[in-house]
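Protein sequence lines, in the order shown, are assigned to chains F and E.
Each residue of the first sequence is one higher than the last, beginning at 1 in my numbering.
Each residue of the second sequence is one higher than the last, beginning at 744 in my numbering.
Each residue gets a CB set at the ideal place from its N, CA and C atoms; glycine is no exception.
Take a look at the structure below.
Protein chains: 2
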Amino acid sequence: LVRREVVRVITPGTVIESELLGSAEARTLVAVALDRRTDQIGVASLDVSTGAFSVLVTRSGSDCSGLRTELARIGPTEVIVPASADPDLIAAAREICPVVTPYPDESFAPGTANELLKHHFQTATLEGFGCAGLPLAIGAAGAALAYALEMHHAPLTHITTLSTRTAEERMVLDEITLRNLELVSTIRGEAKDGTLLSVLDRTGTSMGARLLKSCLVSPLLNREQIEERLDAVSFFVDHPMVRSEVRSLLHRSADIERIAGRIAYGSATPRDLVTLNRSLTVLPMISSLLSDPEVTVPAEVATAVAGIEDPGSITDLIERALVDDPPANTRNGGMIRDGYDETLDHFRSLSGSGKDWILDLQQKERERTGIRTLKIAYNRVFGYYIEVTKANAALVPAEYDRKQTTTNGERYTTPALREQEQQIAEAEEHLLERETMLFAALLTSLAGSVPMLQQNAASVAWLDLYSALAEVAVQDGFTRPVIIDEPKVLIRGGRHPVVEQHVEGGFIPNDTSMDGAEEQILIITGANMAGKSTYMRSLAILCIMAQMGSFVPADHATIGLVDRVFTRVGAFDDLARGQSTFMVEMVELANILNHVTPQSLVILDEIGRGTSTVDGYSIARAVLEFLHGKGKSGPRTLFATHFHELVDVEATLKRVRNYHLAVQETGTDVIFTRQLIPGATDKSYGIHVATLAGVPRKVTDRATAILAEVMGREYSTTPKKARYTQMLLISPESEAVEHPAVK
Amino acid sequence: LVRREVVRVITPGTVIESELLGSAEARTLVAVALDRRTDQIGVASLDVSTGAFSVLVTRSGSDCSGLRTELARIGPTEVIVPASADPDLIAAAREICPVVTPYPDESFAPGTANELLKHHFQTATLEGFGCAGLPLAIGAAGAALAYALEMHHAPLTHITTLSTRTAEERMVLDEITLRNLELVSTIRGEAKDGTLLSVLDRTGTSMGARLLKSCLVSPLLNREQIEERLDAVSFFVDHPMVRSEVRSLLHRSADIERIAGRIAYGSATPRDLVTLNRSLTVLPMISSLLSDPEVTVPAEVATAVAGIEDPGSITDLIERALVDDPPANTRNGGMIRDGYDETLDHFRSLSGSGKDWILDLQQKERERTGIRTLKIAYNRVFGYYIEVTKANAALVPAEYDRKQTTTNGERYTTPALREQEQQIAEAEEHLLERETMLFAALLTSLAGSVPMLQQNAASVAWLDLYSALAEVAVQDGFTRPVIIDEPKVLIRGGRHPVVEQHVEGGFIPNDTSMDGAEEQILIITGANMAGKSTYMRSLAILCIMAQMGSFVPADHATIGLVDRVFTRVGAFDDLARGQSTFMVEMVELANILNHVTPQSLVILDEIGRGTSTVDGYSIARAVLEFLHGKGKSGPRTLFATHFHELVDVEATLKRVRNYHLAVQETGTDVIFTRQLIPGATDKSYGIHVATLAGVPRKVTDRATAILAEVMGREYSTTPKKARYTQMLLISPESEAVEHPAVK
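As structure tokens, then:
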């Protein structure tokens, strides 16, 4: 009996084997350290399969909203928390990631964690990683590493660096906004299809796909950085041949980052290495494509190209050591190439000559005995045997030992055959041992190249990202946004990149002009189904795309940097949590009002819908006034409402503008043109929609009569629409009229 | 090389192996035949694992609503449709069951199907199955059977009968209502937890659990049938000792139905049979418990007991044939008991004596050679060998043949050992062959008992259902409902069975009095979070529970039969389908208004919320008038609204009553008492909820001011509340006042 040791424990956050991993998905372990006194949390995220390791310190917030936002952005597969953590914090984490594992407090202590990290990275200080003065960052990172080390029982040498992020470097997209805008999963919680990610992801490698997803949920806040990314995308837009060649090369690259992780961990398979080799031969081609002296590449592309290091001896080594099409694992050998190792070759020839000897014996014995059907075969129970059919039993020589009787014949052996069998078995045993040893040695000698592989992987990921964003920009007709610091937005012909893929008969683009200091709040009224929600979401999506460095679906877009996007659209009862629809709505609203800044973009869809008309109206109006404020500017806000009474606010709050989605009435029919035009409307066409939906005529006719009666009483005469005609920016009849704000 | 045949194809709807099945879940294959001309569909449902097979003909409906309802009820794992079926129909099916497989039209043709079914059941006509005159039923059933036969490549003899249901026998619960009421899955689409099923399911067997789920989604419409079920439940409520004993016996019963299916198919494992046997020995105990001459059992219980047939010779046969704790599969033998088969015993003793001989040899050789550490061992490559450590090499006798050298010693063999080894190997091969053959023969001889086993399984399932419903009734304080034919509802102290499990501080019960001819429509106003949704859902759930034959969570319940339950509560945008929130709302409303009958129960929550106030009000009012109608009675309706203007309808429509959920104001605080009391309220406390949710004070204070202004303008003086005080049925202050309607 062999004494068995636990060599590793598999948990959702620490899986490394490729068959357990979806390739484009990061498997991220998150550790959360907390300080109740300062209401700060440290959030470390570690992808053991690639070695990616980063940490950030942020505010937790009374309702753990900071933690939720961070977790929603990362999308971890496992979260570890101190064993003494509040149940509230654990519950908040569990809502976003079902696997939350308590871990001893000791591992989160800055002292312990500091020592572990320094020992792992072999550094004297953590200053180089930017977290030296941040005990929560150290605690979280140390705990994540400690957990991963414990689960893997291995030194995890591919984790070579730790990057400390500050919460302020990235646009904040809370969990609700991520869901409402359907960036990486749909509102119904389904995976990719129908999301912005699904439209943008034209990457050719899993490394690029992971990077794209992480950029999408963390748009930048720094104009220079955004412009650098846009330059890189522009380059690939402007050079279609280069883009096409780079992309076809990228498609041939495997997941270098993950394979590097498995090399470091010692679990890479022979097939992994051959795949890696094939990918590595692609790199110099990419590099030389982008090093054409006649083409000037932008800084970001140049950096990525500079990061491609010649793998040099590695590829030769793998090429020499492994056969071209090795088995998926080392269990039965057969991966090492002939000529790589003399001893192995020797064993192989022994085994081979043994088998030749047996074939030879078969031939000899057929001739000697005159039994033409005599054959020598092998099975696991009896080893090699000579088989003779019953009909030929009389011809069997006396020196054959009978081994077994079968229905069709007899099986024999001879001392010579037995001896040869034993030699073959021994040779094969030695063979397998030797191959296994050689492969392990190969992995060891490759381990030193892991940092180089990781660097190459990062370069590939960035080039993949830029060329993929360029590809979608060209194919879907996106334009490069103009990024400015002032809180403005000017869009001409903006579209919703996801919805436009599913609309029959063409998506109707819309213009937007906002300015925190003048046209700050747009109140949007108009018919149901006219496209209010789609319009509002498309604006938020445009800003996010621009700040992640992507081109945007519009004819023109000037976008002033947005620090946070807030959305409040729709909701449904959460009976399980005991919250009514309206309570959910108000909680989300409170979160917005408590965190909004003058640089934010706020999308509010029908605030106050879940309560009585007067309550709802009062709340909606108070919210409008709050967002408008008494100062000179405020957060850019889109405010859709069915409270037509609210349009009067335009008269009292100077930065409020009314807009509506145009509708054409032709006799009894109603056509939604889906165009946003200035001015308010007092018609919602709710009864028209009810008719479309199949509500019985009897009901809709009566509703029309009731409506006429109510309108006659309350809304009598004022010709409200007339008042706005001169403000039209774009005539719904002729698209040729220029938007005066977009030169 | 053995020629391989496809012996079966595994598809989601035709899985039979236990390891691929969740035990309490039915794996149901559904086939849909359709006739465009008559707008009828035949829906056959077949659970291959148990043999349960039924079919029904119903209307499809222009939007496939009939199909959706039926599929939502069945919850199939795979749906097959004619290859020529409309994309609309396929899309509708796919929304409920992702696996929709087209199958040749020919199989759905009544002629082909008729022949196949008659051949399978060995009958001359299908009249006995009740579907002789129903070509769509025959087509659907035939196609389902054809598909299952094709996938299994086996005669599926355990499918012994087909039951034809008519659509009218059961209460109709459409897909939306199933979801809104969270009967078997939550609104968020999660599995069991938080559903009515999770509360009711106290069954002890998988058979009972499957039956409970199917009864829950198909409540009865026939009063006698309901009373019979209630009698059965009452019996177990009234006899706690019997209930407890039956339940503890049931807990010892395995899934007889599924095992019977595997016996018929020939895939039952040795462990299956032993498990079956243990379960079968429980049956006579249950039967004798319920056959006590001093206790009168109700008809349904008597029928179930009568269905328990003495398994007789089967149990003996299995007992004799198999060891007590057999392996999970037949691969390595070891399942047949000693003494069952002489030949097998002979092989066993050969193999055993061979091993004894070897032990004996080891002893002898130790003594003879004086090597005390000499041992005889076995490995797969070299077979048996004598191992001697290096230290003792000198003592090895000359006649030992060296077989292999290891690091610690040498391995030898002798001609005698070699011969013995060969005999052992032969004996073991024969042994395994014989065991496999004997087990196959056992399965064949059991196959004839499959119908008897299925009948026993059905009896067990029903007894399990009744005793489980009794158990939950006693534990959760349910009462037996009084079922009447008139369209009335009288509830005293009704609770929501799921929500009451999660409410801290006790659930507040509510009374309800409705009557299609007098108090037909209850308009419910009142504060947000006051519990309107929970109250309305609880009423629907009470009706459904009563009609499935369960006791209900109330102090008293008189329930007039309900033919359909309709619900419209909340909604969220379905951007992917291109429908706005309001459109979804209207489509669901249209479905209700187009199908409602005077015997229906309608739950409408805030109809008209998604559009402008005037549109919404007009629609809501027109719907109220439509449901009220001009006749003498109409569908019982609960109508929650935030349009306070609607309460005036009570004055013009005679069968409308206003109710609201009481709220106590104490200074600045608001307490939700969650009690439904007569009369309307004009307060929604929306701003109060906003404050609770954390909306900034600045906003809520301003909202309060705006509200006061609006109310001052529009609602000025009328003291609406006073008008209803004399109508109070139950005083909110004292619970002792009797509900006059409940004697």
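{"Check": "First through last residue of the beta strand (DSSP E) which encompasses F/Lys355", "Outcome": "Not the beta strand (DSSP E): F/Lys355 falls in the alpha helix (DSSP H), residues 342-369."}
{"Check": "Chain F within 9 Å of E/Asp944, Cβ atoms only", "Outcome": "no"}
{"Check": "Contacts that E/Glu1408 makes with chain F (C-beta to C-beta distance below 9 Å)", "Outcome": "Under the 9 Å cutoff, chain F gives no residues; its nearest Cβ is about 15 Å from E/Glu1408."}
{"Check": "CB-CB length for F/Arg243 against F/Ala470, believed under 8 Å", "Outcome": "6 Å"}
{"Check": "Beta-carbon proximity list for E/Gly1077, same chain, < 8 Å, skipping 5 on both sides", "Outcome": "Val1066, Pro1069, Pro1070, Glu1178"}
{"Check": "Assumed close pair F/Leu126, F/Ala93 - CB separation to whole angstroms, cut-off 8 Å", "Outcome": "Actually they are not in contact, since the Cβ atoms of F/Leu126 and F/Ala93 sit about 25 Å apart, beyond 8 Å."}
{"Check": "Test: E/Met1279 CB closer than 9 Å to a CB of chain F", "Outcome": "no"}
{"Check": "Minimum C-alpha distance to E/Leu1185 - residue among E/Leu1304, E/Ser1056, E/Leu1206, E/Ala826", "Outcome": "E/Ser1056"}
{"Check": "Cβ-Cβ separation, F/Ile96 to F/Arg68 (assumed contact under 8 Å), whole Å", "Outcome": "6 Å"}
{"Check": "Where F/Glu421 falls: helix, strand or coil (DSSP)", "Outcome": "helix"}
{"Check": "For F/Gly526 and F/Thr275, the rounded distance between their alpha carbons", "Outcome": "57 Å"}
{"Check": "Simplified DSSP state of F/Ser291, which is helix, strand or coil", "Outcome": "coil"}
{"Check": "Contact set between the region 390-401 of chain F and chain E, restricted to residues whose Cβ is under 7 Å from the partner", "Outcome": "none"}
{"Check": "DSSP three-state assignment for E/Glu1172, whether helix, strand or coil", "Outcome": "helix"}
{"Check": "CB contact below 9 Å: E/Val1048 versus chain F", "Outcome": "no"}
{"Check": "Identity of the residues DSSP links to F/Ser163 by a beta bridge", "Outcome": "F/Ser54"}
{"Check": "E/Ala1003 versus E/Arg1074 - alpha carbon distance", "Outcome": "21 Å"}
{"Check": "Straight-line gap, F/Arg170 to F/Val199 (C-alpha atoms, nearest Å)", "Outcome": "22 Å"}
{"Check": "Residue burial classification, E/Leu1189 (beta-carbon count within 10 angstroms, cutoff 16)", "Outcome": "buried"}
{"Check": "F/Asp401 - partner residues in DSSP beta bridges", "Outcome": "F/Thr413"}
{"Check": "E/Asn923, buried or exposed, once every other Cβ within 10 Å from all chains shown has been counted against 16", "Outcome": "buried"}
{"Check": "Local Cβ density within 10 Å of E/Gln1218, reported as buried at 16 or more and exposed below that", "Outcome": "exposed"}
{"Check": "CA nearest to the CA of E/Glu1349, picked from E/Val1312, E/Ser850, E/Pro1013", "Outcome": "E/Val1312"}
{"Check": "Below-9 Å beta-carbon distance, E/Ser1459 vs any chain F residue", "Outcome": "Because E/Ser1459 carries a pLDDT of 43, less than 50, the predicted location of this residue cannot be relied on, and no value is offered for it."}
{"Check": "Length-filtered (3 minimum) beta strand (DSSP E) runs lying within the region 765-850 of chain E", "Outcome": "772-778, 783-790, 795-802, 821-825, 843-846"}
{"Check": "Test item: CB-CB of E/Gly1095 and E/Gln1163 under 9 Å", "Outcome": "no"}
{"Check": "4 or more residues per run - each alpha helix (DSSP H) lying fully within the region 977-1041 of chain E", "Outcome": "983-993, 999-1008, 1013-1032"}
{"Check": "Exposure of F/Glu709, with buried meaning 16 or more beta-carbon neighbours within 10 Å", "Outcome": "exposed"}
{"Check": "Contact with chain E by F/Asp648, beta-carbon distance below 9 Å", "Outcome": "no"}
{"Check": "Span separating the alpha-carbon of E/Val791 from that of E/Arg1001", "Outcome": "9 Å"}
{"Check": "Closer than 9 Å to chain F by CB, E/Ser1355", "Outcome": "yes"}
{"Check": "E/Leu1102 burial status per 10 Å Cβ neighbour count (16 or more: buried)", "Outcome": "exposed"}
{"Check": "Interface residues of chain F facing E/Lys1107 [CB-CB closer than 7 Å]", "Outcome": "Simply none; closest approach about 23 Å."}
{"Check": "E/Gln1165: contacting residues in chain F (beta-carbon distance under 8 Å)", "Outcome": "Phe382, Lys403, Gln404"}
{"Check": "Boundaries (first-last residue) of the beta strand (DSSP E) holding F/Asp485", "Outcome": "It is not in any beta strand (DSSP E) - F/Asp485 carries neither H nor E in the DSSP assignment."}
{"Check": "Straight-line Cα distance separating E/Ile1226 from E/Val860", "Outcome": "It should be pointed out that residue 860 of chain E corresponds to Leu in this sequence rather than to Val. Looking at the two C-alpha atoms, the distance is approximately 39 Å."}
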